[in-house]
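S.K.:
Protein chains: 2
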Amino acid sequence: MILNNRKVSEKTIRRLSHYARCLRHTRIKGKEIVTSEYLAKRCGISSAGVRKDLAVFGEFGKQGSGYDVLGLLANIEKILGTGKPLHVIVIGAGNIGYALLKSGLEGTGGYHYTAIFDSDPEKQGKICAGIAIQPMAELRETIRELGEVIAVIAVPDGEGQECVNQLVEAGCNAILSFVLEPLDIPEGVKLRYMEISTELDILTHSMMRTGRIGR
Amino acid sequence: MILNNRKVSEKTIRRLSHYARCLRHTRIKGKEIVTSEYLAKRCGISSAGVRKDLAVFGEFGKQGSGYDVLGLLANIEKILGTGKPLHVIVIGAGNIGYALLKSGLEGTGGYHYTAIFDSDPEKQGKICAGIAIQPMAELRETIRELGEVIAVIAVPDGEGQECVNQLVEAGCNAILSFVLEPLDIPEGVKLRYMEISTELDILTHSMMRTGRIGR
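Now the structure itself:
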């Protein structure tokens with residue numbers, strides 16, 4: 192693929208991920224062709240922007256007739272690197288951890304929750320959505336067995352840094368945090384936050400901007 | 192405030208939100224002054240970037256001595272419009288909805304969950320984290336009582352659009368979606384997604400880029 196060997200910006204990756212999500216939904220509905228307007232409306236950007244992004248997939252788009260859903264999706268997944276399923280492990284069997292496992296990752300394009308860990312001995316061995324809660328001491332061995340994983344951390348606020356340290360120590364290089372506290376990570380480890388706090392701030396700010404709320 | 196009357200980009204809002212979150216944690220620890228390096232490390236950007244962002248708050252930063260935590264936080268919250276608490280309502284008393292209410296919004300700078308709704312009559316009236324689950328029919332009245340709210344939707348996949356339609360109909364203008372499906376909203380309504388799927392894609396792509404996984 193053209194884009195495979197050059198750096199794609201995070202913003203572009205984010206948009207491609209949105210297109211992929213939308214295409215998967217479209218595929219489920221049995222639709223075979225989509226227009227740039229269709230993707231644009233559902234992904235919240237302009238149709239000119241969609242066409243520009245997808246121009247690199249020339250063969251899948253035809254002026255006036257739209258894009259082939261399956262072909263486009265396969266190519267976007269190839270660029271994203273998400274064509275093959277990746278294991279996702281959860282650290283913290285609290286409310287959020289349980290809810291994530293129970294909700295699953297259907298529709299995300301192949302990710303699935305494989306293991307869950309908790310430092311509380313009372314929780315260990317209990318079953319959550321068909322998966323037994325493991326002690327943190329088994330982290331390293333599980334990661335070695337699974338290969339590269341993404342760890343989702345959903346531990347109580349204040350325990351995030353210790354959790355990250357243990358993950359890094361166990362060989363995990365990609366972390367998605369539901370913990371609000373800012374976390375230090377060594378070079379080479381990727382960390383992203385699920386930022387409900389930031390999303391609420393962005394929504395609040397835009398309501399203030401449009402005069403819906405006075406501050 | 193200087194920035195109050197001009198448009199601030201979403202990227203800047205996001206960074207300001209990160210600084211605010213970090214400053215709140217710092218405040219809890221009793222620290223009164225922070226350096227740009229401190230904020231930079233914890234927010235994952237360069238210290239030059241932090242200094243540039245915060246240059247507009249001239250009076251709170253002194254060369255070599257850092258920023259006053261409380262003063263800087265108050266001013267960032269003023270720009271964000273998040274200085275006063277805003278009500279957050281949850282639609283969908285499933286696993287995610289329950290987990291959100293139980294986790295609360297401590298540390299987010301004043302947001303709090305005020306109400307939860309579900310279309311399932313069996314759930315209505317039950318108590319979750321001290322809040323009684325209301326029927327969707329009460330949505331409009333509750334929103335009218337609360338004033339502007341942010342609605343977090345955590346309904347099953349496939350029910351998102353109907354839920355959004357009901358919210359818009361009831362006068363809600365700001366929605367944060369945990370639902371994966373792409374949603375149509377009318378002009379003037381703000382919609383954001385909590386994109387676990389996108390965050391996993393970004394992490395996977397960056398692992399592929401650094402050669403940790405071959406695709």
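Top line first, the protein sequences correspond to chains A and B.
Quick note, in this note's numbering, the first sequence goes up one by one and the last residue is 406.
Quick note, in this note's numbering, the second sequence goes up one by one and the last residue is 406.
No residue lacks a Cβ here, since even glycine has one placed at the ideal position from N, Cα and C.
Owing to the predicted nature of the structure, the values given are computational and were not obtained by experimental measurement.
1) Check each candidate in Cys213/A, Gln325/A and Thr389/A and name the one with the smallest Cα separation from Gly221/A.
2) Rounded to a whole number of angstroms, what is the C-alpha to C-alpha distance between Ala306/B and Gly295/B?
3) Work out the CA separation of Ala211/A and Ile224/A for me, nearest whole Å.
4) Please classify Ala166/B as buried or exposed, where buried requires at least 16 neighbouring CB atoms within 10 angstroms.
5) Run the CB neighbour count on Leu367/B, radius 10 Å, all protein chains shown included, and call it buried at 16 or more, exposed below.
6) Kindly indicate if chain A contains any beta-carbon less than 7 Å away from that of Ser413/B.
7) Quick check: what's the CA-CA separation for Ser237/B versus Arg400/B?
8) Is the CB-CB distance between Arg410/B and Gly298/B below 7 Å?
9) Which ranges does the alpha helix (DSSP H) cover as unbroken runs of at least 4 residues, wholly within the stretch 272-355 of chain B, from first to last along the chain?
10) Can you pull the chain A neighbours of Tyr188/B, defined as C-beta to C-beta under 7 Å?
11) Going along the chain, which residues of its own chain have a beta-carbon closer than 7 Å to the beta-carbon of Met398/A, five neighbours each way excluded?
12) What residues in the stretch 216-247 of chain A have a beta carbon less than 8 Å from any beta carbon of chain B?
13) DSSP three-state call for Leu371/B: helix, strand or coil?
14) Could you tell me whether the Cβ of Leu261/A comes closer than 7 Å to any Cβ of chain B?
15) Just list the residues that DSSP pairs Tyr229/B with in beta bridges.
16) Along the chain, where does the alpha helix (DSSP H) that runs through Lys243/A open and close?
17) What residue from Ala365/B, Glu228/B and Ile393/B has the CA that sits closest to Ser256/B's CA?
18) My guess is that Val241/A and Ala231/A are in contact by the Cβ rule of under 8 Å, so how many angstroms apart are they, rounded?
19) Residues of chain A with CB closer than 9 Å to the CB of Asp311/B, please, in chain order.
20) Helix, strand or coil for Lys222/B, going by three-state DSSP, please let me know.
21) Rounded to a whole number of angstroms, what is the C-alpha to C-alpha distance between Ala290/A and Gly288/B?
22) Have a look at Lys314/B and Thr226/B and give me their C-alpha separation to the nearest angstrom.
23) To the nearest angstrom, report how far apart Glu268/B and Leu371/B are at their CA atoms.
24) What does the alpha-carbon distance come out to for the pair Ile193/B and Ala361/B?
25) Count the CB pairs spanning the stretch 389-398 of chain B and the stretch 346-356 of chain B that are closer than 8 Å, and state whether there are at least three.
26) Cutting at 7 Å between CB atoms, please list the residues of its own chain near Leu382/A, excluding the five before and the five after it.
M.R.: By the coordinates alone:
1) Position 30 of the first sequence, counted from the first residue, corresponds to residue 221/A. The residue from Cys213/A, Gln325/A and Thr389/A with its alpha-carbon nearest to that of Gly221/A is Cys213/A.
2) The residue labelled residue 306/B in the question sits at position 115 within the second sequence. The residue labelled residue 295/B in the question sits at position 104 within the second sequence. Rounded to the nearest angstrom, the gap between the Cα atoms of Ala306/B and Gly295/B is 12 Å.
3) By 1-based counting over the first sequence, the position of residue 224/A is 33. By 1-based counting over the first sequence, the position of residue 211/A is 20. Spanning the two alpha carbons is a distance of roughly 14 Å.
4) This structure cannot speak to residue 166/B, because chain B is shown only from 192 to 406.
5) Mapped onto the second sequence, residue 367/B falls at position 176. So Leu367/B ends up on the buried side.
6) Lying before the first or after the last residue shown, residue 413/B is absent from chain B, which here runs from 192 to 406.
7) For the purposes of this step, residue 237/B is taken as the residue at position 46 of the second sequence. For the purposes of this step, residue 400/B is taken as the residue at position 209 of the second sequence. C-alpha separation (whole angstroms): 22 Å.
8) Look at the range of chain B in this structure, 192 to 406, and you will see that residue 410/B is not part of it.
9) Counting whole runs of 4 or more residues, the stretch 272-355 of chain B contains the alpha helix (DSSP H) stretches 286-294 and 330-337.
10) Shown here, chain B extends from 192 to 406; a query on residue 188/B therefore has no answer.
11) Taking the first sequence and counting its residues from 1, one reaches residue 398/A at position 207. Contacts found: Ile404.
12) Of all residues in the stretch 216-247 of chain A, His216, Lys232, Arg233, Cys234 and Gly235 have a Cβ within less than 8 Å of some Cβ in chain B.
13) The residue labelled residue 371/B in the question sits at position 180 within the second sequence. Coil at Leu371/B, not helix or strand.
14) The sequence position of residue 261/A within the first sequence is 70, counting from 1. Residue contact with chain B for Leu261/A: absent (no Cβ-Cβ distance below 7 Å to any residue of chain B).
15) Residue mapping note: residue 229/B aligns to position 38 of the second sequence, counting from 1. In the DSSP output, where bridge partners are listed per residue, Tyr229/B has none listed.
16) As a first step, residue 243/A is located in the first sequence; it is residue number 52 there, counting from the start. Start and end: Ser238 to Leu245.
17) In the second sequence, residue 256/B corresponds to position 65, counting from 1. Among Ala365/B, Glu228/B and Ile393/B, the Cα nearest to that of Ser256/B belongs to Glu228/B.
18) Counting from one through the first sequence, the residue named residue 241/A turns up at place 50. Counting from one through the first sequence, the residue named residue 231/A turns up at place 40. That belief holds up - the Cβ atoms of Val241/A and Ala231/A are roughly 5 Å apart, short of 8 Å.
19) Locating residue 311/B in the second sequence gives position 120, where the first residue counts as 1. Here the premise fails: no neighbours, minimum Cβ distance about 16 Å.
20) The count along the second sequence starts at 1 and reaches residue 222/B at position 31. DSSP places Lys222/B outside both helix and strand once states are collapsed to three, so it counts as coil.
21) Looking up residue 290/A in the first sequence gives position 99. Looking up residue 288/B in the second sequence gives position 97. Roughly 9 Å separates the two Cα atoms.
22) Mapped onto the second sequence, residue 314/B falls at position 123. Mapped onto the second sequence, residue 226/B falls at position 35. Rounded to whole angstroms, Lys314/B to Thr226/B spans 49 Å at the Cα level.
23) The residue you call residue 268/B lines up with position 77 of the second sequence. The residue you call residue 371/B lines up with position 180 of the second sequence. Across the structure, Glu268/B and Leu371/B are spaced so that their CA atoms are roughly 30 Å apart.
24) Along the second sequence, one-based indexing puts residue 193/B at 2. Along the second sequence, one-based indexing puts residue 361/B at 170. Confidence at Ile193/B is low in this model, with a pLDDT of 42, below 50, so the placement of that residue should be treated as unreliable; the coordinate-derived value is given next. Roughly 35 Å between the two C-alpha positions.
25) Contact between the stretch 389-398 of chain B and the stretch 346-356 of chain B is absent, because fewer than three Cβ pairs lie under 8 Å.
26) For the purposes of this step, residue 382/A is identified with residue 191 of the first sequence, where counting begins at 1. Once the five neighbours on either side are set aside, the close Cβ partners of Leu382/A are Ile366, Ser368, Leu374 and Ile376.
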